[in-house]
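Residue numbers (this note's numbering): 22 to 109.
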């Protein structure tokens with residue numbers, strides 16, 4: 022398995038997905054990602070649960086916003102943050 026820094030992975034992911042969206046999809050304005058990102062690790066034993074979560078993500082976010090969920094994950098993991106850097 023090739024090792025890659027999270028920052029490099031996110032940069033490559035954002036570049037390739039924005040290019041794909043802007044080339045393949047008809048849009049009124051260009052798509053772009055916000056500057057920042059958040060990354061959390063997941064143990065191998067939780068991979069199936071994460072896949073299930075992703076499969077149900079649209080349904081889940083009808084009940085709880087991404088912002089509320091993200092703030093809860095930060096709190097649950099005792100991660101300090103400055104609110105001014107969370108959302109653009």
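Note that beta-carbon positions come from the ideal geometry of N, C-alpha and C, so glycine has one too.
Supposed close pair residue i, residue j - CB separation, criterion 8 angstroms
i          : j           : result
residue 52 : residue 39  : 6 angstroms
residue 85 : residue 108 : In fact, because the Cβ distance is near 16 angstroms, the residues do not count as touching under 8 angstroms.
Enclosing alpha helix (DSSP H) for residue i [first to last residue]
i          : result
residue 70 : 68 to 76
residue 27 : 27 to 45
residue 93 : 87 to 97
Residue i versus residue j - alpha carbon distance
i           : j           : result
residue 25  : residue 61  : 15 angstroms
residue 68  : residue 50  : 36 angstroms
residue 35  : residue 45  : 15 angstroms
residue 102 : residue 27  : 19 angstroms
residue 106 : residue 22  : 33 angstroms
residue 83  : residue 76  : 14 angstroms
residue 96  : residue 80  : 23 angstroms
residue 78  : residue 41  : 22 angstroms
residue 91  : residue 65  : 21 angstroms
residue 63  : residue 104 : 24 angstroms
Best match in the options for proximity to residue i [C-alpha to C-alpha]
i          : options            : result
residue 32 : 56, 91 and 96      : 56
residue 29 : 70, 76, 58 and 105 : 58
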